[in-house]
Amino acid sequence: MSTVIPESFSAAVAGRAPEPHISGDAWLLQLPGLVAASLAEWELTLDGDPMHGVCALVLPVRLRDDSTGVLKVTWPHADAAHEHLALQHWGGRGAVRLLAANPGRWTMLLERLDGGLDLQDVPIDEACRVIGGLLRQLDHPALPQLSPLSEEAARLVERLDAAPPAIPRRFVEQARGVLSDLMTDEAIDSRMVHTDLHYGNVLAAEGGPGGGGGGPTH
1 MSTVIPESFS AAVAGRAPEP HISGDAWLLQ LPGLVAASLA EWELTLDGDP MHGVCALVLP
61 VRLRDDSTGV LKVTWPHADA AHEHLALQHW GGRGAVRLLA ANPGRWTMLL ERLDGGLDLQ
121 DVPIDEACRV IGGLLRQLDH PALPQLSPLS EEAARLVERL DAAPPAIPRR FVEQARGVLS
181 DLMTDEAIDS RMVHTDLHYG NVLAAEGGPG GGGGGPTH
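At position 45 of the sequence shown the residue is numbered 45 (this note's numbering), and the sequence of numbers has no breaks.
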């Protein structure tokens with residue numbers, strides 16, 4: 001395994017069944033080659049310690065003109081299939097700017113954000129205001145390639161019904177009620193909705209979203 005791939009990331013991906021493309025174990029064997037090919041394709045040099053979430057490796061890089069960015073290499077799974085299209089649609093307004101993408105490799109070249117400045121330690125009222133502002137910025141017409149929100153809502157209801165009780169039942173019933181109301185709204189599938197907008201996914205941007213002055217983006 002290449003030294004740029006943290007063991008903690010390998011542990012997070014190993015053992016995953018295909019969803020529906022490739023198993024985590026098989027993909028990890030390909031990952032060093034995917035990284036090398038992407039560095040060559042976009043003429044990038046590594047520029048810092050690797051980062052990762054549950055399904056993607058993020059490598060700080062410098063571009064040929066010495067500007068900064070990150071290379072994101074994602075384990076292929078259904079939820080991330082059209083991430084590059086969504087980022088392109090948002091155009092850097094409230095979202096990280098997409099610099100380049102190779103959908104066949106599931107790789108993206110993105111602007112570099114400040115990974116040390118998220119909303120995890122921000123007071124909850126302030127964090128909710130920030131996320132509310134981002135939701136307004138991210139409100140765009142839906143793309144035809146994306147899964148309709150009505151289908152996502154139905155899947156969430158199924159998960160609520162199948163999951164063992166982990167929180168008080170009243171919260172589960174409240175969530176089910178909100179989803180039920182959404183699914184009866186005729187306009188539910190007309191807008192694009194970010195479904196993973198949590199505190200750890202909101203980072204400070206150099207120059208702000210779209211270059212506007214140090215504000216939050218995701």
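The beta carbon of each residue, even a glycine, is placed where N, CA and C say it ideally should be.
> Expressed to the nearest angstrom, what Euclidean distance is found between the alpha-carbon atoms of D47 and A80?
Replying inline: Residue mapping note: residue 47 aligns to position 47 of the sequence shown, counting from 1. Residue mapping note: residue 80 aligns to position 80 of the sequence shown, counting from 1. Between D47 and A80, the C-alpha separation is close to 25 Å.
>> I'd like to confirm the pairing. Which residues does DSSP put opposite P141 in its beta bridges?
In response: Looking up residue 141 in the sequence shown gives position 141. DSSP lists R191 as the beta-bridge partner residues of P141.
>> For a test of the three-state rule: what should DSSP assign to G91, helix, strand or coil?
In response: If you number the sequence shown from 1, residue 91 lands on position 91. Residue state, collapsed to three classes: coil.
>> By the three-class DSSP mapping on this structure, what secondary structure does A86 have?
In response: The residue you call residue 86 lines up with position 86 of the sequence shown. Note: A86 maps to helix in three-state DSSP.
>> Just list the residues that DSSP pairs L110 with in beta bridges.
In response: Counting from 1 along the sequence shown, the entry for residue 110 is found at position 110. The partner list for L110 (beta bridge, DSSP) reads V70, L98.
> Rounded C-beta distance between Q88 and L99? I'm assuming under 8 Å.
Replying inline: Counted from its first residue, the sequence shown places residue 88 at position 88. Counted from its first residue, the sequence shown places residue 99 at position 99. Contact doesn't hold; Cβ gap of about 11 Å is too wide.
>> Using 7 Å as the threshold, is the C-beta distance between L119 and A127 below it?
In response: Counting from one through the sequence shown, the residue named residue 119 turns up at place 119. Counting from one through the sequence shown, the residue named residue 127 turns up at place 127. The beta carbons of L119 and A127 sit closer together than 7 Å.
>> Which residues does DSSP list as the beta-bridge partners of V51?
In response: Position 51 of the sequence shown holds residue 51. Going by the sequence as given, residue 51 is Met instead of Val. As DSSP reads the structure, M51 sits in a beta bridge with V58.
>> Using a 10 Å radius around the Cβ and a threshold of 16 neighbouring Cβ atoms, would you call H198 buried or exposed?
In response: Translated into positions along the sequence shown, residue 198 becomes position 198. H198 comes out exposed.
>> Using a Cβ distance threshold of 8 Å, determine whether the region 184 to 192 contacts the region 135 to 147, with at least three qualifying pairs required.
In response: A contact exists between the region 184 to 192 and the region 135 to 147.
>> Measuring only the C-alpha atoms, how far is W90 from L57?
In response: What you label residue 90 is simply residue 90 of the sequence shown in a count that begins at 1. What you label residue 57 is simply residue 57 of the sequence shown in a count that begins at 1. Between W90 and L57, the C-alpha separation is close to 22 Å.
>> I'd like to know if the region 8 to 23 and the region 65 to 81 are in contact, where contact means that at least 3 CB-CB pairs between them fall below 8 Å.
In response: Contact holds: three or more Cβ-Cβ distances are below 8 Å.
> Which one or two residues does DSSP pair with L46 in a beta bridge?
Replying inline: Position 46 of the sequence shown, counted from the start, is the residue given in the question as residue 46. Per DSSP, V61.
> Considering only the beta carbon of each residue, do L63 and A205 sit closer than 7 Å?
Replying inline: Here residue 63 corresponds to residue number 63 of the sequence shown, with the count starting at 1. Here residue 205 corresponds to residue number 205 of the sequence shown, with the count starting at 1. No, Cβ-Cβ distance for L63 and A205 is not below 7 Å.
> How many Å lie between A14 and E151 at the Cα?
Replying inline: By one-based count along the sequence shown, residue 14 stands at place 14. By one-based count along the sequence shown, residue 151 stands at place 151. Each residue's Cα considered, the two are about 29 Å apart.
> Measuring CB to CB, does V96 end up less than 7 Å from E83?
Replying inline: Walking along the sequence shown from the start, residue 96 turns up at place 96. Walking along the sequence shown from the start, residue 83 turns up at place 83. If you check the CB distance, V96 and E83 do not come in under 7 Å.
> Given A101, which residues of its chain have a CB within under 6 Å of its CB, disregarding the five upstream and five downstream residues?
Replying inline: Position 101 of the sequence shown, counted from the start, is the residue given in the question as residue 101. Hits under 6 Å: H84, M108.
> Of the choices L71, I188, P50, whose alpha-carbon is the least far from that of A40?
Replying inline: Residue numbering aside, residue 40 sits at position 40 when the sequence shown is read from its first letter. Answer by Cα proximity: L71.
> How far does the alpha helix (DSSP H) with L179 in it reach, from first residue to last?
Replying inline: Here residue 179 refers to the residue found at position 179 of the sequence shown. Its alpha helix (DSSP H) spans residues 169 to 183.
> Quick one: complete beta strand (DSSP E) runs, 3+ long, within the region 7 to 38?
Replying inline: Every candidate beta strand (DSSP E) stretch fails here, since none sits fully inside the region 7 to 38 while reaching 3 residues.
>> Tell me which residues share the same chain as W106 and place their Cβ nearer than 6 Å to its Cβ, disregarding the 5 neighbours each side in the sequence.
In response: Taking the sequence shown and counting its residues from 1, one reaches residue 106 at position 106. By the criterion of a C-beta distance shorter than 6 Å, W106 is surrounded in its chain by T74, P76, once the five residues flanking it on both sides are discounted.
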